[in-house]
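Number 248 marks the last residue of the sequence shown (numbering that gives the first Met the number 0); no jumps.
Have a look at the structure below before the remarks.
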Amino acid sequence: MARLAEEQIQEFYEQCYTPGVDGDKYRRWRELGAEGKADHVMALVARAGIAAPRTVCEVGCGDGAVLSVLGRRGFGGSRVGYEISASGVKLTAEREEVDGAWVFDGSHLPVADDAYDLVFATHVLEHVPDPAPLTREMLRAGRAVVIEVPLEANVSAHRPAARAASEGVGHLHRFHRRAIRGLVEDCGGRVAAELVDPLPRAVHTFGAESGKARAKGTVKWAVRAGAAAVPALGERLITLHFAVLALPA
Numbered sequence: 000m001a002r003l004a005e006e007q008i009q010e011f012y013e014q015c016y017t018p019g020v021d022g023d024k025y026r027r028w029r030e031l032g033a034e035g036k037a038d039h040v041m042a043l044v045a046r047a048g049i050a051a052p053r054t055v056c057e058v059g060c061g062d063g064a065v066l067s068v069l070g071r072r073g074f075g076g077s078r079v080g081y082e083i084s085a086s087g088v089k090l091t092a093e094r095e096e097v098d099g100a101w102v103f104d105g106s107h108l109p110v111a112d113d114a115y116d117l118v119f120a121t122h123v124l125e126h127v128p129d130p131a132p133l134t135r136e137m138l139r140a141g142r143a144v145v146i147e148v149p150l151e152a153n154v155s156a157h158r159p160a161a162r163a164a165s166e167g168v169g170h171l172h173r174f175h176r177r178a179i180r181g182l183v184e185d186c187g188g189r190v191a192a193e194l195v196d197p198l199p200r201a202v203h204t205f206g207a208e209s210g211k212a213r214a215k216g217t218v219k220w221a222v223r224a225g226a227a228a229v230p231a232l233g234e235r236l237i238t239l240h241f242a243v244l245a246l247p248a
């Protein structure tokens, strides 16, 4: 798949949340991923030792799956989302756990400083041409900010097939852990908590219809879980998911 040009990004995401032939498969994939992303948000709040947020905002909320999971778990008194695609906002606004969803320009949140107790963006910054302005904007609008990205500066992600798949779904950057920490600091924040996740077995076996495929996914999960146990090695070899909670410096 070809790398997306900057002017193609919004249309790409409009199509992502417009029902199509494989709509149910992609919906189920997003719902599965949302469970892990919600786990990470909640774990980082606990690790950072900050108060449970009353107002929660997701930037790049997609179809609202993560906000919905957080709502079902009783996380946050109110939950809202911002998304560049109108199709995603429509789906988000239909979820009973979400209190509001709006289209935004991908750079500016139309709210006052410290409008939310927690602002989070999971798997968004790798899709943004310049992540710094949006990171600063989240730190402005939120008293605490959670950022999650895939760490794709590794051997496996540099394979031609892996690069093509990454670029085909709109990834514009290949981050490593130091880059995210540096981004937070350069934008006026400090990392108060972090975590690395190789993703659960269910993710690696998703869509596997045969016993052989399920076994292959299980082996992949086991290898990644083992590598993640030694982050300095694992991050050089395979793609892990990295999340931080940032506070004002």
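Glycine is no exception: its CB is placed at the ideal position from the N, C-alpha and C atoms.
Pick helix, strand or coil for Asp113, following the three-state DSSP scheme. As a working mapping, residue 113 is identified with position 114 in the sequence shown. DSSP places Asp113 outside both helix and strand once states are collapsed to three, so it counts as coil.
Measuring alpha carbon to alpha carbon, tell me which residue in Ile237, His122, Thr121 is nearest Arg158. Along the sequence shown, read from residue 1 onward, the residue named residue 158 stands at position 159. Checking every option, the nearest Cα to that of Arg158 belongs to Ile237.
Cβ neighbours of Leu182 in the same chain (closer than 7 Å, five flanking residues each side left out): Counting from 1 along the sequence shown, the entry for residue 182 is found at position 183. Hits under 7 Å: Pro130, Ala131, Thr134.
Nearest-angstrom Cα distance between Glu93 and Ala64? Sequence index remark: in the sequence shown, residue 93 carries index 94 (1-based). Sequence index remark: in the sequence shown, residue 64 carries index 65 (1-based). Rounded to the nearest whole angstrom, the C-alpha separation of Glu93 and Ala64 is 11 Å.
Suppose you measure from the CA of Val243 to the CA of Thr17; what does that come to, to the nearest Å? Counting from one through the sequence shown, the residue named residue 243 turns up at place 244. Counting from one through the sequence shown, the residue named residue 17 turns up at place 18. In this structure, the alpha-carbon of Val243 lies about 31 Å from that of Thr17.
Where do the ends of the beta strand (DSSP E) carrying Leu244 lie? Position 245 of the sequence shown, counted from the first residue, corresponds to residue 244. For Leu244, the uninterrupted beta strand (DSSP E) run begins and ends at 239-247, by DSSP.
What's the call for His122, buried or exposed, on a 16-neighbour Cβ count within 10 Å? Residue 122 sits at position 123 when you count from the first residue of the sequence shown. The residue is buried, with at least 16 neighbouring Cβ atoms inside 10 Å.
Grab me the residues of Val127's own chain with a C-beta within less than 6 Å of its C-beta, minus the 5 sequence neighbours each way, in chain order. As a position in the sequence shown, residue 127 is number 128, starting the count at 1. Its chain contains Leu133 as the residues whose beta carbon lies nearer than 6 Å to that of Val127, once the 5 sequence neighbours on both sides are disregarded; these appear in chain order.
So what does DSSP say about Cys15, is it helix, strand or coil? In the sequence shown, counting from the first residue as 1, residue 15 sits at position 16. Residue state, collapsed to three classes: helix.
In whole angstroms, give me the CA-to-CA distance for Met0 and Ala50. Reading the sequence shown from its first residue, position 1 is the one you call residue 0. Reading the sequence shown from its first residue, position 51 is the one you call residue 50. Because the pLDDT at Met0 is just 42, under 50, the model does not fix this residue reliably, and the value given afterwards should be weighed accordingly. Approximately 43 Å between the Cα atoms of the pair.
Have a look at Arg26 and Arg177 and give me their C-alpha separation to the nearest angstrom. Locating residue 26 in the sequence shown gives position 27, where the first residue counts as 1. Locating residue 177 in the sequence shown gives position 178, where the first residue counts as 1. When rounded, the distance between both Cα atoms is 32 Å.
When the distance is taken between beta carbons, is Glu125 closer than 8 Å to Val144? For the purposes of this step, residue 144 is taken as residue 145 along the sequence shown, with counting starting at 1. For the purposes of this step, residue 125 is taken as residue 126 along the sequence shown, with counting starting at 1. Contact flag unset, no.
Would you give the residue range spanned by the alpha helix (DSSP H) that Leu182 belongs to? Counted from its first residue, the sequence shown places residue 182 at position 183. Judged by DSSP secondary structure, Leu182 falls within the alpha helix (DSSP H) whose first and last residues are 176-185.
Reducing DSSP to helix, strand and coil, say where Gly267 ends up. With the chain covering 0 to 248 only, the question about residue 267 has no answer from this structure.
Tell me which residues share the same chain as Gly105 and place their Cβ nearer than 6 Å to its Cβ, disregarding the 5 neighbours each side in the sequence. As a working note, residue 105 is residue 106 in the sequence shown. For Gly105, the CB contacts under 6 Å within the same chain, skipping 5 residues up- and downstream, are Ile83 in chain order.
Here's the rule I'm using: 16 or more other beta-carbon atoms within 10 Å means buried, otherwise exposed. How should Arg223 be labelled? To locate residue 223, count along the sequence shown from 1; it is residue 224. Only buried fits Arg223, as 16 or more other CB atoms lie within 10 angstroms of its CB.
Three CB pairs or more closer than 8 Å across the segment 62-80 and the segment 212-231: No, the segment 62-80 is not in contact with the segment 212-231.
Beta-carbon contacts of Arg200 that lie in its chain and below 7 Å, excluding the five residues immediately before and after: Walking along the sequence shown from the start, residue 200 turns up at place 201. If we look at Arg200 and ignore the five residues flanking it on each side, its Cβ neighbours are Thr217, Trp220.
Can you tell me the Cα-Cα spacing of Gly73 and Trp28, whole angstroms? Numbered from 1 along the sequence shown, position 74 holds the residue referred to as residue 73. Numbered from 1 along the sequence shown, position 29 holds the residue referred to as residue 28. For the pair Gly73 and Trp28, the Cα-to-Cα distance works out to about 23 Å.
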